[in-house]
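J.: First to last, the sequence lines map onto chains C and S. Counting from 1, position 42 in the first sequence corresponds to residue 42 in the working numbering; the numbering is continuous, with no gaps. Counting from 1, position 23 in the second sequence corresponds to residue 23 in the working numbering; the numbering is continuous, with no gaps. By construction, the Cβ of each residue, glycine as well, lies at the ideal position given by its N, Cα and C atoms.
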Amino acid sequence: GQSLEQPSEVTAVEGAIVQINCTYQTSGFYGLSWYQQHDGGAPTFLSYNALDGLEETGRFSSFLSRSDSYGYLLLQELQMKDSASYFCAPPWDTDKLIFGTGTRLQVFP
Amino acid sequence: NAGVTQTPKFQVLKTGQSMTLQCAQDMNHEYMSWYRQDPGMGLRLIHYSVGAGITDQGEVPNGYNVSRSTTEDFPLRLLSAAPSQTSVYFCATQDSGMVGELFFGEGSRLTVL
Chain C
1 GQSLEQPSEV TAVEGAIVQI NCTYQTSGFY GLSWYQQHDG GAPTFLSYNA LDGLEETGRF
61 SSFLSRSDSY GYLLLQELQM KDSASYFCAP PWDTDKLIFG TGTRLQVFP
Chain S
1 NAGVTQTPKF QVLKTGQSMT LQCAQDMNHE YMSWYRQDPG MGLRLIHYSV GAGITDQGEV
61 PNGYNVSRST TEDFPLRLLS AAPSQTSVYF CATQDSGMVG ELFFGEGSRL TVL
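Here's what the structure looks like:
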């Protein structure tokens, strides 16, 4: 079967660091994607980890351990505009992703 | 480049009516898909296509039809709308060489009364 778990909500203050964890089970073995979605908007691609390890893109970093079916998104120097929902999305084929219910991040001043 | 364009952005239907949600892309991506997003339910895959003339079912295909006559267009048809189809619908594309990276349209918000 295919399943995915991530926290439903996370809160933090501006300037802080927050980590959103994701554990998953899929029939494929293609790594892990992350998407951001602001209220009323469309999901936008943040990162894709094809291999184990940490990938850094500006204030955001994403980590993957394929053997553990585990990954996380690390957001540093939080800003108010980072308030959004974040989805981990493991591909279960080269052209299909699983999306869970996402993690709602609220950043407070 | 417009990217992925969905029309209409908002639509209200009565139960039993039919309609088509349009999706057009100018990125020359082979892969296109339709998702629906309900409150607290995340995104669920309805139908997808890996190229012109090829379509397949996703997680929740019942009540929806698709076709892919060109690379650019991937319309989603609701044959007989039901209140359970009230949702936000997103069309997405993917470059065939870029696993995990989807480009989404702005969404179509459908209400079925």
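Counting pairs of Cβ atoms below 8 angstroms between the region 4-21 of chain C and the region 2-12 of chain S, do you hit three or more?
T.: The answer is no - the region 2-12 of chain S does not touch the region 4-21 of chain C, with fewer than three Cβ pairs under 8 angstroms.
J.: Is the beta carbon of C/LEU32 sitting closer than 9 angstroms to the one on C/GLY100?
T.: Not closer than 9 angstroms, so no.
J.: Kindly say whether S/GLY42, judged by its beta-carbon, lies nearer than 9 angstroms to any beta-carbon of chain C.
T.: True, the Cβ-Cβ gap to chain C drops below 9 angstroms.
J.: Would you tell me roughly how many angstroms separate the C-alpha atoms of C/GLY41 and S/PHE104, rounded to the nearest one?
T.: Their Cα atoms are separated by approximately 10 angstroms.
J.: So what's C/LYS96 in DSSP terms, helix, strand or just coil?
T.: The answer is strand: DSSP assigns C/LYS96 an E or B state.
J.: Expressed to the nearest angstrom, what Euclidean distance is found between the alpha-carbon atoms of C/ASN49 and S/GLU30?
T.: Approximately 22 angstroms between the Cα atoms of the pair.
J.: With distances taken from CA atoms, which of C/TYR35, C/ALA12, C/GLN25, C/VAL13 is nearest C/ASP93?
T.: Checked all of C/TYR35, C/ALA12, C/GLN25, C/VAL13; the closest Cα to C/ASP93 is C/GLN25.
J.: Let me know the secondary structure DSSP gives C/PRO7 once reduced to three states.
T.: It is coil, neither helix nor strand.
J.: In whole angstroms, give me the CA-to-CA distance for S/GLY51 and C/LYS96.
T.: Their Cα atoms are separated by approximately 14 angstroms.
J.: So C/GLN106 and C/THR44 are in contact, right, with Cβ under 8 angstroms, and what is the actual spacing, rounded?
T.: No, C/GLN106 and C/THR44 are not in contact; Cβ-Cβ is about 18 angstroms, not under 8 angstroms.
J.: S/GLY16 versus chain C: which residues are under 8 angstroms apart at the beta carbon?
T.: Simply none; closest approach about 29 angstroms.
J.: State the DSSP-derived secondary structure class of C/LEU19, mapped to helix, strand or coil.
T.: Residue 19 of chain C is actually Gln in this sequence, not Leu. Strand, per DSSP.
J.: Quick one, are the C-beta atoms of S/ASP37 and S/ALA81 less than 9 angstroms apart?
T.: Note on residue identity: the sequence assigns Gln, not Asp, to residue 37 of chain S. Taking 9 angstroms as the Cβ cut-off, S/GLN37 and S/ALA81 do not qualify as a contacting pair.
J.: Here's a check: name, in chain order, each residue in its chain whose Cβ is nearer than 8 angstroms to the Cβ of S/LYS9, leaving out the five neighbours to either side.
T.: So the qualifying residues of the chain are GLU106, GLY107, SER108, ARG109.
J.: At a Cβ threshold of 9 angstroms, is S/SER33 touching chain C?
T.: So, interface residue.
J.: Relative to the C-alpha of S/THR15, which residue among S/SER96, S/LEU102, S/GLY63 is closest?
T.: Comparing Cα-Cα distances from S/THR15 to each of S/SER96, S/LEU102, S/GLY63, the minimum goes to S/GLY63.
J.: Where in the region 43-86 of chain S do unbroken runs of the beta strand (DSSP E), each at least 3 residues long, occur, reported from the N-terminal end onward?
T.: With a minimum length of 3 residues, the continuous beta strand (DSSP E) runs that stay inside the region 43-86 of chain S are 54-57, 64-66, 76-78.
J.: Who are the Cβ neighbours of S/GLN22 in its own chain at under 6 angstroms, not counting the five residues just before and after it?
T.: Correct list, in chain order: THR7, PRO75.
J.: How many Å lie between C/GLN79 and S/ALA24 at the Cα?
T.: Answer to the nearest angstrom: the Cα atoms are 34 angstroms apart.
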